[in-house]
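Quick notes on the structure that follows.
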Amino acid sequence: MHHNGRAHLLLAERPGWHDALLDKVDVDCGLRLVPAPSEPRPLVDDAGAFAGLTLPTGIATDADGAVYLVDAGTHEIKRLDPCTGAFTSLPCIGGRGSEPRMVRDPRGIAISPRGVLYVCDTGNRRVQAFTLAALALRAIWGPLRLVPGTPPSVERVAPERLPTPAHGEACLPDNPVFGDGTWEPFDVVVDAECAVYVSDRANGAVHRFDRHGAWSSAILEAEPGVPLGRPTHLAMDRNGRLYVAQEGDPGVLVFPPDGGPAERIEPPAELDDRFCPSGIAVAGDGTVYVSDHRAGCMFRCLPPDERPRLPIACPETLGAPVALAFDAAGDAIMVDGASNRVLCFEPHVAFEHEGRFVSDALDSGIRRCRWHRLALESVVPRGCSIRVDTFTSDAPKPRDEMLSLPEDRWHTGALHATAGEGDWDCLVMSPPGRYAWVRLTLRGDGSATPVVAAMRAHYPRTSSLRFLPATYAEDPVSADFLGRFLSIFDTVAGGVSERIASFASVLDPGAAPADPPAPGAVDFLTWIASWLDMALQRHWPEQRRRDLLRYAHLLYRRRGTVDGLRLHVRLLTGIEPFVLEHYKLRPWAFVGSARAGEGTRVWGNEIVRRLKLDEYSAVGSFQLLEESDPRLDPLAHVANRFTVFVPIPGGGTESEQENVRWVVETAKPAHTHASVVFVEPRFAISPELVLGMNTMLRRPPDATVTGASRLRMDAGIGENGDATAPALRIGKRARVGFSTIVD
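Sequence positions in the sequence shown follow our numbering and run -3 to 739.
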């Protein structure tokens, strides 16, 4: 893009830069060194908490980062206690058997976003669901038999009991025997909508249960005409893609959320002969991690449309990985079956010490262009550095020729080694040329990496030298030195000019920075709000604060009105409230326009229940008021009062409730009294429909049948089917059987 006669190429998440070489450098979140193979870290000490832990077959983490695993040796579900640093068994769950809460040969486990623990009770051919809060048994799925068809279905089967030993097992009176077609649940995962997927190794299927626990469908084919093999381990990423590992298959199938055909993720080619997936998991960025219990490795692969990556853990550090998961912090947690240890991998603990990035050709479109400077937005930890080299030419160069250039052809050689975060720039020292190539060498100390978030190339070089007399530019050598010297001041002046030119953006509620420029400073959103006498709380969501500023003119125009109050609450909470003004609750009968019915009465002392002898004199049935004139009670009791009903699921958090009360108190007229009621949404037809006021849940009756109808229940007086013009009217809105009582 061009600005003030200059062109800029930006390196960030936008077009302009292409890489010719990435050597130990990653570009996912800016240029940075790739993580080095990690050393596993045991969660607790081997000699302490892991004594007696044998062959964990499944592992999962909850929303708080707590680790749960299946101990196949003791047939128990265990949880890592963060206080004691030890694995403890969940009470009332586990033990060998086929009764509810007991398990036989348990495999995979998963925890839903709603705090439900699912356990694949493989030996009993069922899945048990427990609530984490109370460890209550919520449901038992199975044993189920898959019924082929289009579409397929399942039916529940009853296992037979075998009192004699089978397959080398101990003689147990509850050993079940299952018939052909009975499923074999091996692993389980839960998506963001709380739907549950269970792999069925016996039938070559992946079953899906909805959020209520009802079986809904089964995946039987990887693609049309290609059946699944023996699916074992499952994983689910944040985009709803289902990952399936199959027994004996080195690849991983990826099913899209729309139910289309699966794609395959293949391991690195040089590892095909020893790659046998035994556990898979998906990180938050979509990267797939696969463990190989034969080779003792854990691999990291990109999504299907990108190239695979190298192992992150090698046989020298692992034994036989059998299960894999991720905690709330995004760190990989793996069960090492050989040493019976649970290990935590922190992928960003160690980084490569040096990496290079070489850009593809940057085309200025100007012959013999004098490239000006390179500006970097970077983070350089202590002990790290970034070296910038450039090469220019008037003719394009093939990529192979560029990468084989001798070192003396590269110029600039600027080194950024100042620890800190911010902007840094350097002058391009290469000779004039239409094309430019940039080489960045990132160096770290092994524990940290420099990061280049963005980079701009400024061209052509236009310094203040052009405003000086021509004699200063007669000598090329002197002119070059003077131009480079003046560029220091030009850069400072250019930065000030850019800030002035972009100042209008900080006055826009949609573009103003929401974070303060320095610790302790005021962010621009709060600063703009102070101009309008609006108080914005920092803990409010950023988009809500921007919306309040954007519609400030409407809020002030409607201030003190019902519409203004509703708009204020809706902008802050995103919820449409209902405002009820109490004067509308006066059920009085007026002469000439009275309405007969249960809700009509002449007012009296019951309006405020003043203390009076022989009437409202019992303790608890009266109230003492300061007003001296009881005749004003009908008006004063409901005057200047209203209630705001806010439908929030579960009543909302304490912070949400406090925000609504603050808005109501700020937006209401000063002389009014407001009450805020938080209601949980239930049956809703429309925001404009109020049950009992303008709604009717049944149609008007057709006619009255002697001996079979009762007035006010299912009888209407009038012509058959005439629901709009009844023959009998009492007043304007009264109907016999609806709003009147016939004695």
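Each residue gets a CB set at the ideal place from its N, CA and C atoms; glycine is no exception.
On a predicted model such as this, the values are computed, not experimentally measured, just so you know.
Here the alpha carbons of Ala357 and Trp211 stand approximately 56 Å from one another. In the DSSP assignment, Asp183 is bridged to no other residue.
Minimum Cα-Cα distance from Pro172 among the listed residues Phe205, Ser94, Arg366 corresponds to Ser94.
As the crow flies, the alpha-carbon of Cys365 is around 5 Å from that of Pro428.
Beyond the five residues adjoining it in sequence on each side, Ala410 comes within less than 6 Å, by CB distance, of Val384, Cys422 in the same chain, given in chain order. The C-alpha of Arg566 is placed about 14 Å away from the C-alpha of Arg554.
Per DSSP, the beta-bridge partners of Ile55 are Leu65.
Of the residues Thr388, Ile644, His71, the one whose Cα lies closest to the Cα of Glu572 is Ile644.
Distance check between Gly418 and each of Trp406, Val447, Phe347, Thr408 places Val447 closest, using alpha-carbon atoms only.
In the three-state reduction of the DSSP assignment, Tyr547 falls in the coil class, being assigned neither a helical nor a strand state.
Secondary structure note for Ser651: its alpha helix (DSSP H) is the uninterrupted segment 650 to 663. When the Cα atoms are used, Val185 and Tyr239 turn out to be separated by approximately 10 Å.
Going by DSSP, Glu397 is part of the alpha helix (DSSP H) stretching over 395 to 399. Annotated three-state conformation of Ser498 is coil, per DSSP.
Check the Cα spacing between Asp359 and each of Phe347, Lys393, Ser443, Thr70: the tightest is with Lys393. If the five residues before and after Ala663 are omitted, its C-beta is found closer than 7 Å to the C-beta atoms of Arg555, Gly560, Leu561, His564, all from its own chain and listed in chain order.
Taken in chain order, the complete alpha helix (DSSP H) segments of 4 or more residues contained in the stretch 353 to 422 are 395 to 399.
Residue range 520 to 527 is occupied by the alpha helix (DSSP H) that includes Trp523, with no beta strand (DSSP E) assigned at that position. In terms of Cβ geometry, Trp367 and Tyr431 do not form a close pair [threshold 7 Å]. Taking a cut-off of 8 Å on C-beta distances, the stretch 437 to 445 does not touch the stretch 472 to 487, as fewer than three cross pairs fall below it. Note that the stretch 496 to 511 touches the stretch 520 to 530; at least 3 beta-carbon pairs, one per stretch, sit closer than 8 Å.
Between Glu180 and Arg121, the beta carbon gap of about 6 Å places them in contact (Cβ cut-off 8 Å). Of all C-beta pairs linking the stretch 458 to 473 to the stretch 396 to 413, fewer than three are shorter than 8 Å, placing the two stretches out of contact.
Exposed is the label assigned to Ser493, since fewer than 16 other Cβ atoms lie within 10 Å of its Cβ. Counting the other CB atoms within 10 Å of its CB gives His229 a total of 16 or more, which places it among the buried residues. Gly440 is a Cβ neighbour of Leu29, given a cutoff of 7 Å. Here Tyr552 is exposed, its C-beta having fewer than 16 other C-beta atoms within 10 Å. When the beta-carbon positions are compared, Phe638 and Glu676 stay at least 7 Å from each other.
In the structure shown, the three-state DSSP call for Glu243 is coil.
At the C-beta level, Ser426 and Thr388 come within 7 Å of one another.
Asp15 and Val250 have their alpha carbons spaced roughly 29 Å apart. Under the three-state reduction of DSSP, Pro643 is assigned to strand.
Shown here, Ile484 sits in a helix according to DSSP, grouped into three states. For Ala635, the secondary structure class from DSSP, reduced to helix, strand or coil, is coil. In this structure Tyr64 is buried. Its beta-carbon is surrounded by 16 or more other beta-carbon atoms within 10 angstroms.
The beta carbons of Thr146 and Arg103 sit about 30 Å from each other, so the pair does not count as a contact at 8 Å.
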